[in-house]
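Colleague: Please see the structure below; I have some questions.
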Amino acid sequence: ERDFVPSEDDYNYTEGAHYSVKRDLVEKTRDNALYLSVAVQFNDETLTPVYSWFNDKFQVLIAPSLLGESGCEMSFHLLEEHPEFKEFATSFLAFADTGIEDIRFESTKFDPSTLAGKIPDPLLEYVATQIGDSEIPDIHFRHRSESHKGTVELPYGMESAGTQRLFALLGYLYATLKSGICVFVDELDDSLHPLLAREVVKRIHDSNLNAHGAQLIFTTHDTTFLDWNELRRDQFWMVEKSLGGSTTLHPLSDFRLRKDEARLRGYLAGRYGGIPQLATHVEP
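The opening residue of the sequence shown carries number 170 in this note's numbering; numbering runs sequentially from there.
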């Protein structure tokens with residue numbers, strides 16, 4: 170750990186039990202740089218595997234990036250390259266009560282003429298230059314329907330934001346479980362029902378499905394997770410903003426809770442921190 174000491178105008182380094190800080194590397198570490206990065210640049214054998222884990226095994230997903238076709242690139246790729254993903258995704262979508270029974274996927278070459286007259290010519294030229302004759306994914310979801318003799322197909326773009334986000338998450342969930350990486354998802358519950366968000370977490374907790382030790386770290390505003398017995402107290406971390414604008418984190422296990430304590434009620438009452446400090450009076 171590195172803490173700034175104002176009186177000395179310098180940083181104080183605290184070592185762990187398995188690593189000794191090297192003073193020559195400390196001198197090379199700028200104020201806005203990580204000691205870890207500097208150590209790897211100078212071939213520190215102890216910290217190189219740590220750096221490699223963050224570089225190779227850690228991925229960050231931002232909520233808005235999981236919507237729209239660009240957010241589903243992982244799922245599109247898996248449908249095309251890994252046939253078993255289709256079964257995985259179809260099964261989960263059916264389980265999630267989306268009404269989807271099957272997925273039809275094919276790739277077609279981009280044809281700029283299909284956009285002629287629909288967008289300005291300069292924009293059409295730009296799109297044609299950027300995309301060229303690349304393959305464009307064409308995906309349809311087949312829904313059960315009582316009024317259309319069994320099923321009806323909808324293109325991906327006509328699906329709800331919740332279905333699009335779930336489909337995007339399934340690609341990363343599948344890849345995570347198969348490769349054993351650690352994935353960080355910002356706003357896991359965005360556009361998802363709380364029960365579906367919980368199901369994603371349950372798949373990670375299932376040792377039969379997660380044979381490679383994959384990990385999921387996520388932020389959420391779904392406070393019902395607090396009363397979910399599938400998660401231990403040390404798995405909840407509260408995010409608190411200080412008066413100076415910095416952010417601190419502390420685990421729920423720092424607090425002495427009764428076994429039967431209603432954690433959700435305690436959180437909303439402000440016992441564990443991590444809640445907004447709302448103004449009691451706002452001047453007109």
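Quick reminder that beta carbons are idealized off the backbone N, C-alpha and C, glycines included.
1) Tell me the residue span of the beta strand (DSSP E) that contains I308.
2) Please classify M243: is it buried, with 16 or more other beta-carbons within 10 angstroms of its beta-carbon, or exposed?
3) Alpha carbon to alpha carbon, how far is R273 from K410? Give it in angstroms, no decimals.
4) As a quick exercise: from E275, T345, G268, pick the residue whose alpha carbon is nearest that of T320.
5) Please report the Cβ distance between S348 and H381, rounded to the nearest whole angstrom; I am assuming they are in contact, meaning their Cβ atoms lie under 8 Å.
6) Quick check on the DSSP output: the alpha helix (DSSP H) that includes H374 runs from which residue to which?
7) What are the start and end residues of the beta strand (DSSP E) that includes I231?
8) To the nearest angstrom, report how far apart T283 and D290 are at their CA atoms.
9) In or out: I350 buried (at least 16 other Cβ within 10 Å) or exposed?
10) Rounded to whole angstroms, how far is the Cβ of R434 from the Cβ of L426, which I believe are closer than 8 Å?
11) Helix, strand or coil: which one does DSSP assign to F387?
12) Looking only at its chain, what residues have a beta carbon closer than 8 Å to the beta carbon of L378, apart from the 5 residues adjacent to it on each side?
13) Below 8 Å on the Cβ atoms is my guess for Y441 versus T392; work out the distance and round it to an integer in Å.
14) Got a sec? Which residues, its chain only, sit under 7 Å from I300 by beta carbon, not counting five neighbours each side?
15) What did DSSP end up calling I444 once you bin it into helix, strand or coil?
16) DSSP on F274, reduced to helix/strand/coil?
17) Between Q370 and Q228, which are expected to be in contact by the criterion C-beta below 8 Å, what is the C-beta distance as a whole number of angstroms?
18) Run through DSSP, which three-state label would A330 get?
19) Under a three-way DSSP split, which group does T183 fall into?
20) Along the beta strand (DSSP E) that carries E170, what are the first and last residues, could you check?
21) Using 8 Å as the threshold, is the C-beta distance between F254 and Y182 below it?
22) Is the beta carbon of T217 closer than 8 Å to that of Y188?
Modeller: In this structure, then:
1) Here the question's residue 308 lines up with position 139 in the sequence shown. Note, I308: beta strand (DSSP E), 304-314.
2) As a working mapping, residue 243 is identified with position 74 in the sequence shown. By the neighbour-count rule (16 or more Cβ atoms within 10 Å), M243 is buried.
3) Position 241 of the sequence shown holds residue 410. Position 104 of the sequence shown holds residue 273. Computed Cα separation, rounded: 46 Å.
4) Along the sequence shown, one-based indexing puts residue 320 at 151. Ranking E275, T345, G268 by Cα distance to T320 puts G268 first.
5) Position 179 of the sequence shown, counted from the start, is the residue given in the question as residue 348. Position 212 of the sequence shown, counted from the start, is the residue given in the question as residue 381. That belief holds up - the Cβ atoms of S348 and H381 are roughly 7 Å apart, short of 8 Å.
6) Taking the first residue of the sequence shown as 1, we reach residue 374 at position 205. Start and end: 363-374.
7) Within the sequence shown, the letter at position 62 stands for residue 231. Neither: I231 is in no beta strand (DSSP E) and is coded neither H nor E.
8) On the sequence shown, residue 283 is found 114 positions in, with the first residue counted as 1. On the sequence shown, residue 290 is found 121 positions in, with the first residue counted as 1. In a straight line, the C-alpha of T283 is about 12 Å away from that of D290.
9) Working through the sequence shown from its first residue, we reach residue 350 at position 181. Under this definition I350 is a buried residue.
10) Counted from its first residue, the sequence shown places residue 434 at position 265. Counted from its first residue, the sequence shown places residue 426 at position 257. Wrong, their Cβ atoms sit about 11 Å apart, outside the cutoff.
11) For the purposes of this step, residue 387 is taken as the residue at position 218 of the sequence shown. F387 falls in the strand class under three-state DSSP.
12) Start at 1 with the first residue of the sequence shown, and residue 378 comes out as number 209. Excluding positions up to five away in sequence, the list reads L346, R372.
13) For the purposes of this step, residue 441 is identified with residue 272 of the sequence shown, where counting begins at 1. For the purposes of this step, residue 392 is identified with residue 223 of the sequence shown, where counting begins at 1. The pair is not a contact, with the Cβ atoms about 11 Å apart (cut-off 8 Å).
14) The count along the sequence shown starts at 1 and reaches residue 300 at position 131. Closer than 7 Å at Cβ, skipping near neighbours: F279.
15) Along the sequence shown, read from residue 1 onward, the residue named residue 444 stands at position 275. In the structure shown, I444 adopts coil according to DSSP, grouped into three states.
16) Locating residue 274 in the sequence shown gives position 105, where the first residue counts as 1. In the structure shown, F274 sits in a strand (DSSP, three-state: E or B).
17) The residue labelled residue 370 in the question sits at position 201 within the sequence shown. The residue labelled residue 228 in the question sits at position 59 within the sequence shown. One detail in the question is off: residue 370 reads as Val in this sequence, not Gln. 17 Å between Cβ atoms; not a contact.
18) Counted from its first residue, the sequence shown places residue 330 at position 161. If DSSP states are grouped into helix, strand and coil, A330 belongs with the helices.
19) The residue you call residue 183 lines up with position 14 of the sequence shown. In this structure, T183 counts as coil in the three-state DSSP scheme.
20) Working through the sequence shown from its first residue, we reach residue 170 at position 1. No beta strand (DSSP E) contains E170, which DSSP labels as neither H nor E.
21) Here the question's residue 254 lines up with position 85 in the sequence shown. Here the question's residue 182 lines up with position 13 in the sequence shown. No.
22) As a position in the sequence shown, residue 188 is number 19, starting the count at 1. As a position in the sequence shown, residue 217 is number 48, starting the count at 1. No.
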